[in-house]
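J.: Each residue of the sequence shown is one higher than the one before, counting from 122 in the numbering used here.
Got a structure here, written out as structure tokens. Questions coming.
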Amino acid sequence: MAENSGYDSDVEGINEKSPLLSSGVPRGVNGDYDVEYAGQLTGCGAWRICDPRSLWHRYTFILVLTCLLSFGSYYCYDTPAALEEQIKEDLQIDTSAYVLLYSLYSWPNVVLCFFGGFLIDRVFGIRIGTLVFGGFVLVGQLIFSLGALFDNWICMVAGRFVFGLGGENLAVAQNTYAVTWFKEKELNMVFGLQLSFSRIGSTLNMNVNKPIYDSINPDLVGYKRLGYTLLVGVAMCVFSVICGIIIGILDYRAEKILNRKQAGTGEVIKIRDVKDFPASLWLIFLICVFYYVTVFPFIGIGVVFFSEKYGLVPAEANIVNSLVYFISAGASPVFGFVVDKTGRNIFWVILGTIITLGCHLTLAFTFITPFLVMSIMGLAYSILACALWPLVAFIMPEHQLGTSYGFMQSIQNLGLAVVTIIIGVIVDGSGYLILEVFMCAMLCVAIIFCVLLYLIDTSRRLGLNLSAKERKQIKEAKQREREMQSECEKDK
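As structure tokens, this is what we get:
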């Protein structure tokens, strides 16, 4: 599933807006206490846990609900991977057809990544937008499940397309709630927890769907058992929609009590800004594409690979295949902290890419236990994700960040959609060894782009690979310069 990331809080000018809600005095737009709705703080509201200005309220209700908003979406995204063998056998399809279940998720997001923030800001609002996008996820998973239940392949791929219409934009809504309710200094922790919950959903999916499938009456025809298994994902999506309803009610209540305006993303998308993108930004986009196509599509076909090469039973293959998600759930917040404290982002990006290349070479040409290899790949993936996405904010001015991140996600989804199809053709025609050679080639290209980015950064002094200490010194120097200019203007 495509990654989305908040802007780096250490970058000058980024995330300077105060949260609409915080403990103590609210600082949102029109954030004065509304006497008309003071009665809402009686009864339950008399307790701090029910006061929307309270830290207890934010951390007890809002944080948990925000993290659970996309739990169902991430649980369902890799359902095909967890049941790859069953899907192929029960529906009598090959790998080229199977990978369409991933490709058709990515295609709509090539375009929709640009408009998620706009739809929330200008059309739906955060509360309705969350339910609309969550509804697409729910309906898409339901169509997908019914397609399996009635042995209708067209219905299944249509369901994955509908699922894709909501998946990425639901993450935008999730991030909007986060920046609405939490302070700037809390956001790195909140985004880290959101990613961890999402990966827990993916890990759970990988490890429970096969046992659920096996527990269903074996006398039923295969596609019926598959359909009933997929309906469990529908229940997960219903759970996330319920969380969306509850947090929407709490947000509406806070809006009335604090007399503030409904939150938006603040995202500005201007397609014409693309012509101003520097070469360094395009290199970041290319690194993103060539790296991520070696992780998510590989997980999509990983279960059968691990079963065939290493002789693992399905339960073991699912565990191995879920290790990238499981490891990144805990490692991402840790590496995010490390990258924030050390800087040197390009170094970390190169390190993560080289380690991942080593993992794919090991999977291709050795029989070293895949449990170890995939665990290391999970660490490498966490390193790269934490270091790569903030680089955009180091290069682009604040008013172009919405376009920059939207374009990055769009290109990422385009790469995932195309490469997923290529992977299906390679596996059907040449086997998994050639697939691993292809993965290694993609990572070698990513490393070349990393080196080019480093050379451009060095020659143009962009500051992408500065240490955290050096960035802080530059930021303080610029702040002093602004203060001196302000004093000079006052003297005039």
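We put the beta carbon where it would ideally sit given N, CA and C, even for glycine.
This structure is a prediction, so every number in the text was calculated from the model and none was measured.
1. Verify whether the separation of the beta carbon atoms of leucine 325 and proline 454 is less than 9 Å.
2. Below 8 Å CB to CB, which residues in the same chain sit around serine 428 once its five sequence neighbours on both sides are set aside?
3. Taking the alpha carbon of isoleucine 516 as the point to measure from, which residue in Ala279, Ser194, Val244, Leu402 has its own alpha carbon closest?
4. Am I right that lysine 331 and alanine 218 are in contact with their C-beta atoms under 8 Å? What's the rounded C-beta distance?
5. What residues in its chain sit with their C-beta under 7 Å from that of valine 441, if we drop five residues either side in the sequence?
6. Check whether the Cβ atoms of leucine 537 and valine 414 lie closer than 9 Å to each other.
7. Give every residue of the same chain whose Cβ lies closer than 6 Å to the Cβ of aspartate 199, excluding the five residues on either side of it in the sequence, and list them in chain order.
8. Mapping DSSP to helix, strand and coil, what is serine 588?
9. Could you pull the DSSP bridge partners for glycine 464 from this structure?
10. So the candidates are Gly246, Val539, Ser224; which of them puts its Cα closest to the Cα of leucine 286?
11. I need the straight-line Cα distance from glycine 423 to tyrosine 446, nearest angstrom please.
12. Whole-angstrom Cβ separation of glutamate 289 and glycine 256, contact assumed at under 8 Å?
13. I want to know whether the stretch 579-590 touches the stretch 447-467 - three or more CB-CB distances under 8 Å.
14. Going by the CB atoms, is the gap between isoleucine 471 and valine 539 shorter than 9 Å?
15. Please report the Cβ distance between leucine 351 and phenylalanine 570, rounded to the nearest whole angstrom; I am assuming they are in contact, meaning their Cβ atoms lie under 8 Å.
16. Can you tell me whether DSSP reads asparagine 290 as helix, strand or coil?
17. Just verifying my parser: in three-state terms, what is the DSSP assignment at glutamine 600?
18. I need the straight-line Cα distance from cysteine 480 to leucine 444, nearest angstrom please.
19. Among the residues of its own chain, which have a CB less than 6 Å from the CB of arginine 179, if the five just before and after it don't count?
20. If you follow the alpha helix (DSSP H) that phenylalanine 406 is part of, which residue opens it and which one closes it?
21. Could you give the distance in angstroms between the alpha-carbon of glycine 313 and the alpha-carbon of serine 449?
22. Is there a Cβ of chain C sitting closer than 9 Å to that of proline 418, yes or no?
23. Could you tell me if tyrosine 373 is buried or exposed, where buried requires 16 or more neighbouring beta carbons within 10 angstroms of its beta carbon?
24. Inspect the beta-carbon positions of threonine 483 and leucine 505 and report whether they are closer than 9 Å.
25. Please name the residue, chosen from Ile363, Arg603, Leu404, Asn380, that lies closest to aspartate 578 on a Cα-to-Cα basis.
26. Quick check on the burial criterion: 16 or more other C-beta atoms within 10 angstroms. Buried or exposed for glutamate 605?
T.: Here's the rundown:
1. no
2. Taking serine 428 as the centre and dropping the five residues before and after it, the same chain places the C-beta of Glu206, Val434, Pro435, Ala438 closer than 8 Å to its C-beta, in chain order.
3. Leu402
4. About 21 Å separates the two Cβ atoms, so there is no contact after all.
5. The residues are Phe427, Leu433, Pro491, Phe492, Met495.
6. yes
7. Within the same chain, aspartate 199 has close Cβ partners Ser323, Asn326.
8. DSSP places serine 588 in strand when its eight states are reduced to three.
9. Answer by DSSP bridge pairing, in chain order: Ser588.
10. Ser224
11. 13 Å
12. Contact doesn't hold; Cβ gap of about 15 Å is too wide.
13. yes
14. no
15. About 38 Å; that fails the 8 Å criterion.
16. helix
17. helix
18. 13 Å
19. Trp302
20. 400-413
21. If you draw a straight line from the Cα of glycine 313 to the Cα of serine 449, it comes to about 10 Å.
22. Included in the structure is just one protein chain, with no chain C present.
23. exposed
24. no
25. Leu404
26. The sequence as given places methionine at residue 605; glutamate does not occur at that position. That one is exposed.
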